[in-house]
Structure formats: structure tokens, C-alpha cells
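Participant: In UniProt numbering, the protein residues as written are 1 to 541.
All C-beta atoms, glycine included, are put in the ideal place defined by N, C-alpha and C.
I have a structure I would like to understand better, so I am pasting it below and will then ask my questions one at a time.
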């Protein structure tokens with residue numbers, strides 16, 4: 001068989017069911033081989049969209065996401081998506097084509113050294129020039145991607161190698177290193193137990209690293225009677241209905257989470273699975289840790305002590321550490337605290353549709369088990385603060401890299417994790433104009449994804465940010481209103497507009513029995529003040 005076929009056999013052995021990308025001449029043998037293997041290609045509209053989709057698939061499922069694209073221009077088009085995967089620590093494999101080996105250095109069409117371009121934003125990047133090492137290198141790359149902490153990897157394969165015959169007798173069995181538990185030092189567990197047992201009022205800070213461990217974290221919270229705050233990327237790990245979940249802390253904190261995190265009564269902070277980035281710490285605000293004993297647990301050793309000098313740094317897998325803490329700490333006998341209202345009362349201090357009221361109510365009109373994704377833009381501040389995730393639901397965002405439009409493309413990969421699960425995206429008109437064509441990818445693959453596009457005819461975060469910082473803005477930050485619903489209807493995507501909060505009741509019927517994506521355009525005028533913007537405040541300071 002051809003080496004291109006052997007590549008797909010290796011992917012199949014690694015439990016790959018879909019690949020994302022755009023076919024091109026330098027990867028045409030690999031795409032041709034998909035006729036012979038049960039792997040479905042998802043052809044996106046832009047290579048960046050392919051990487052966003054693969055990263056969301058990998059991040060949510062914990063499995064390998066795969067992109068296959070042309071070298072040079074194809075790889076460069078997806079650099080934003082690869083960087084997105086790197087910041088999300090998503091296990092993504094990028095296979096790129098390269099010119100024939102005899103053409104290298106001669107200025108062939110689309111010849112470029114992508115190996116070295118991608119090294120700064122991948123865990124591993126290699127150009128394979130020996131046809132006998134393709135599968136060896138491929139297995140090595142996959143293993144590195146799936147070894148905690150996860151991340152993207154890249155291999156570049158010349159066209160002539162892909163077309164050659166593969167004759168080696170190989171064992172296709174594949175070991176997934178993600179299954180291996182990184183065991184914490186027993187002495188660290190003992191010290192954490194002592195700190196927790198000697199604390200009167202603790203708080204658990206839950207990050208994205210707790211994904212798929214929500215039940216265990218809730219059990220720990222009940223055991224200790226400690227309330228929870230979640231980072232923006234950890235939103236959805238713990239249901240909003242859980243009575244000790246005080247909601248989002250960091251970018252656009254809930255009022256309850258902010259007051260709890262800064263309370264002088266709190267004497268211990270247990271941080272689980274977060275890198276403590278700018279968005280999770282209100283711009284690295286030391287008020288979060290002042291007066292507290294701080295324990296930080298993460299499977300990426302580089303994250304420990306990077307932002308704050310925690311009292312106890314535990315390098316280990318939360319799958320081991322959380323059960324150990326439940327087992328070895330004292331069970332609280334106190335009555336559970338009564339959680340205050342997450343946010344204060346709504347005040348109508350604007351015109352047009354209220355995003356706060358919309359987000360307060362939207363979960364009534366879509367299925368309870370919906371997976372929500374948020375794009376980047378001013379609307380995300382409302383989403384972090386006001387969107388309540390039901391027990392059956394989930395949430396996904398990559399705020400650390402913060403690429404506009406990443407959720408529009410990412411929803412394609414998110415849908416493939418559980419194809420029966422409803423997926424909804426919150427995005428803005430700015431993100432739509434960057435990557436909105438990936439809605440067509442969802443259409444072509446019959447994916448019933450709901451896209452909520454907030455259209456305020458401006459780059460609102462930029463416009464309002466400039467006014468906050470400089471007392472003035474630029475007229476070019478605003479634009480003539482374009483009907484996104486009409487655009488999508490014109491290409492066969494079911495679409496509607498919401499122009500008053502009363503229109504929200506139409507959503508349930510509109511989204512019923514979808515056989516492809518739909519767009520719900522929310523017309524706003526941008527006058528509703530966004531929740532507190534810590535980043536803007538820090539820039540001003």
C-alpha cells in the first residue's frame with residue numbers, strides 16, 4: 001500500500017474518526033486514501049477554521065484532533081488556529097504536505113519551511129525526509145500531543161514520500177498516554193490535607209483542567225462545605241444550579257464570586273486546574289490570594305508558581321488528587337452556606353435589546369443539555385457573568401488566546417464530540433465577518449448548530465474601550481448595519497432576527513427539528529454597559 005494509506009491506518013489505530021482541513025496538491029495522496037479508510041474528512045472554508053474545529057474537538061473530548069492541509073500557505077493560514085490549540089493545551093496533530101524532495105530549495109510552488117515556523121507554537125514539529133521513518137515519526141508526534149500537558153504537534157511530509165509504497169510489517173496497536181495518571185507526591189497530599197483541615201473558611205477555584213471531573217469536584221465541595229468559584233474557561237464544569245457554585249470569577253465576575261474571592265473571612269484557596277492567567281485572576285490581582293493559604297494543583301508543572309508564589313504547589317493529576325483530598329480531609333458537619341444572588345438586580349440604563357436579560361432567559365428556550373461556546377468580543381463579558389449553565393449543559397471558550405471567530409469554526413469540531421448533543425454559539429458581528437463562512441461548513445455537514453450573532457454594527461469592545469481609556473474613539477470602529485440574517489438566508493441557512501426581548505419566545509419553535517445550522521441575529525445598539533472590564537482598567541492604570 002502507499003505511505004499515504006499507512007498514515008490513515010495509523011490515525012485509525014489512534015481512534016481518529018474525523019480530520020479537518022482543506023485538500024491541496026501536496027496532500028492529495030492522503031485525501032485520496034480516505035476513500036479506503038473509515039475516516040471522515042471535514043472540509044472547512046479556511047485552514048484556520050479547520051484548526052479551531054480540531055482544537056475544540058480535542059479540548060472537549062480529550063481525544064486527538066487532526067488537521068491535514070497544504071504546506072506553506074495552508075499552514076500559514078491556520079497559524080491562529082494552531083496558536084489557539086497551543087494556549088488551550090489541546091492535543092492536535094497537523095499533517096502538512098511539502099514539495100517533492102528533489103524540488104526542495106529550487107523555489108517550487110508553495111515551498112516554505114513550515115517546520116521551523118511552527119516550532120514556537122507546537123510541542124513538536126518535524127519535516128520527514130526519510131520514507132522509512134514516516135510511521136515512526138507519526139506515532140512519536142501523536143504520543144507527544146497526547147502526553148500531559150497536551151498540545152499541538154506538526155509533521156510535514158513531502159509529496160513524493162506520500163506516493164511511495166509502504167512495505168514494513170508494523171504493529172498498529174496504539175497506547176494513549178493520556179490514560180496514564182501523573183501521581184502527585186504523597187507528602188504534598190499530606191501537607192494539603194493538613195492545610196485544609198486547619199482552615200475555617202476555604203474556597204475552591206475551578207479551572208478548565210477540571211473538565212470531565214465536575215462530579216468529583218462537587219463531591220469535594222460538599223465534603224468540605226467549601227463554595228466554588230470558576231474561571232471563565234472553567235465555566236460549565238460545575239452546574240450553575242449547584243448551591244455552592246458562586247459563578248464566574250475573573251473576566252466579568254459574578255457579584256457573588258467577586259465578593260467571596262476578596263472576602264477577609266476566606267483563609268484558604270484551593271486552586272484546581274487553571275494556569276491563573278489574566279482572565280482568571282482579574283489581571284493578576286494579588287487581592288485574590290492575600291491573607292489566605294494557597295494550594296495550587298495542576299498537571300503542568302510550568303503553571304505552578306508562575307503567577308503567584310503559592311504556599312503549596314502540587315504537580316499531579318486531578319483524577320488522583322481530588323479523590324485523595326476527599327478521602328483524607330475531615331468532613332464538614334456545618335450547615336451549607338446560603339448562596340447569595342449571583343448578580344444584582346437588572347437596571348435598564350440603555351436602549352435596545354438587553355444582552356443580560358437575553359442570557360438570563362435563553363436556557364429556557366433551548367435544550368437543557370446544550371453545549372455553549374462563546375466567541376471573543378464585548379458580548380463575552382455578558383456571557384461570563386450572566387449565562388447560567390444547567391446541570392446537563394456545558395460550556396467552552398478559549399479566552400487565553402482570544403481569537404475572534406474561533407467559536408464559529410470551533411463549533412464544527414465541538415458538535416462531532418457528541419453528535420446528538422445540541423450546540424449553541426454566542427458570537428458578534430465582528431467575529432462573524434472574520435470567520436462566518438464556517439457556518440457553511442456546518443450546513444454542508446448537516447450539523448444543527450445554533451449561532452447567536454449579536455449585531456451592534458461596531459467593534460464594540462474596541463469602541464467602548466477607546467472611550468474608556470482615551471475619552472474618544474474613531475468613527476471607523478462603527479460600520480453600516482448589514483443584515484446577517486439576510487446574508488445567511490441567501491445561502492440557505494435558516495435565519496431569524498430578534499429585535500426586542502419579547503422575541504426570545506420564538507426561539508424554541510424556530511430551533512425545533514433542525515437538520516442543519518441556524519442563525520439567530522440579535523439586533524442591539526451597543527448602549528448597554530458591559531460588565532466590569534478588568535483588562536481596560538488595568539490598561540488605564
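Find the nearest neighbour of residue 95 within the set 315, 357, 75 and 309, judged by alpha-carbon distance.
Facilitator: 75
Participant: Note the first and the last residue of the continuous beta strand (DSSP E) segment covering residue 293.
Facilitator: 293-298
Participant: Use the C-beta contact count for residue 470: other C-beta atoms within 10 angstroms, 16 or more gives buried, fewer gives exposed.
Facilitator: exposed
Participant: According to the neighbour-count rule (16 or more other Cβ atoms, all chains shown, within 10 Å of its Cβ), is residue 508 buried or exposed?
Facilitator: exposed
Participant: I need the straight-line Cα distance from residue 415 to residue 106, nearest angstrom please.
Facilitator: 43 Å
Participant: Terminal residues of the continuous alpha helix (DSSP H) containing residue 488?
Facilitator: 484-490
Participant: Would you tell me roughly how many angstroms separate the C-alpha atoms of residue 396 and residue 212, rounded to the nearest one?
Facilitator: Between residue 396 and residue 212, the alpha-carbon positions lie close to 12 Å from each other.
Participant: Under three-state DSSP, which class holds residue 237?
Facilitator: coil
Participant: When we look at the beta-carbon of residue 517 and count the other beta-carbons within 10 Å, is it buried (16 or more) or exposed?
Facilitator: buried
Participant: State the CB to CB distance for the pair residue 376 and residue 394, rounded to an integer number of angstroms; the pair is presumed to be in contact (CB under 8 Å).
Facilitator: That pair is no contact at about 19 Å.
Participant: Can you tell me whether residue 241 is buried or exposed, with buried defined as 16 or more other CB within 10 angstroms of its CB?
Facilitator: exposed
Participant: Please identify the residue among 278, 266, 229 and 443 whose C-alpha is closest to the C-alpha of residue 254.
Facilitator: 229
Participant: Whose C-beta lies closer than 6 Å to the C-beta of residue 343 among residues of the same chain, with five residues either side of it excluded?
Facilitator: 254 and 255
Participant: In the DSSP assignment, what are the bridge partners of residue 361?
Facilitator: In the DSSP assignment, no residue is bridged to residue 361.
Participant: Can you name, in chain order, every residue of its own chain whose Cβ lies under 6 Å from the Cβ of residue 4, other than the five neighbours on each side?
Facilitator: 29, 30, 33 and 162
Participant: Only counting the same chain, and skipping five residues up and downstream in sequence, which positions put a Cβ closer than 6 Å to that of residue 276?
Facilitator: 307
Participant: On the CB-based measure, 16 or more other CB atoms within 10 Å of its CB, does residue 102 come out buried or exposed?
Facilitator: exposed
Participant: Can you list the beta strand (DSSP E) stretches of 3 or more residues lying completely in the region 455-524, in chain order?
Facilitator: 494-498 and 518-523
Participant: Whose C-beta lies closer than 7 Å to the C-beta of residue 142 among residues of the same chain, with five residues either side of it excluded?
Facilitator: 14, 64 and 93
Participant: For residue 523 versus residue 353, is the C-beta spacing smaller than 8 Å?
Facilitator: Yes, the Cβ-Cβ distance between residue 523 and residue 353 is below 8 Å.
Participant: Going along the chain, which residues of its own chain have a beta-carbon closer than 6 Å to the beta-carbon of residue 280, five neighbours each way excluded?
Facilitator: In its chain, beyond the 5 residues on either side, 231, 250 and 274 have a beta carbon closer than 6 Å to the beta carbon of residue 280.
Participant: For the beta strand (DSSP E) holding residue 230, just list the boundary residues, first then last.
Facilitator: 228-230
Participant: Give the DSSP bridge partners of residue 165, in chain order.
Facilitator: Partner(s): 2.
Participant: The beta strand (DSSP E) that contains residue 126, what's its start and end?
Facilitator: 124-127
Participant: Decide if residue 486 is buried, meaning its Cβ has at least 16 other Cβ atoms within 10 Å, or exposed.
Facilitator: So residue 486 ends up on the exposed side.
Participant: Hey, quick one: how far does the alpha helix (DSSP H) through residue 413 stretch, first residue to last?
Facilitator: 406-417
Participant: CB-CB under 6 Å to residue 378, same chain, minus the five flanking residues each way: which ones, in chain order?
Facilitator: 460, 461 and 530
Participant: Applying the criterion that 16 or more other CB atoms from any shown protein chain within 10 Å of the CB defines a buried residue, is residue 505 buried or exposed?
Facilitator: exposed
Participant: Quick check on the DSSP output: the beta strand (DSSP E) that includes residue 18 runs from which residue to which?
Facilitator: Note, residue 18: beta strand (DSSP E), 18-21.
Participant: Would you please state the rounded distance, in angstroms, between the beta carbons of residue 225 and residue 336? I believe it to be under 8 Å.
Facilitator: 6 Å
Participant: Give the C-beta separation of residue 351 and residue 463 to the nearest angstrom, bearing in mind that I take them to be a contact with Cβ-Cβ under 8 Å.
Facilitator: Residue 351 to residue 463, Cβ: 16 Å. No contact.
Participant: Closer than 8 Å is the cut-off here; do at least three beta carbon pairs connect the region 398-412 with the region 421-434?
Facilitator: yes
Participant: Let me know if residue 458 comes out buried or exposed under the rule of 16 or more other beta-carbons within 10 Å of its beta-carbon.
Facilitator: buried
Participant: With distances taken from CA atoms, which of 86, 129 and 81 is nearest residue 98?
Facilitator: 129
Participant: In its own chain, which residues sit with a C-beta less than 7 Å from the C-beta of residue 284, not counting the 5 before and 5 after it?
Facilitator: 278 and 307
Participant: Which two residues bound the contiguous alpha helix (DSSP H) that contains residue 260?
Facilitator: 255-261
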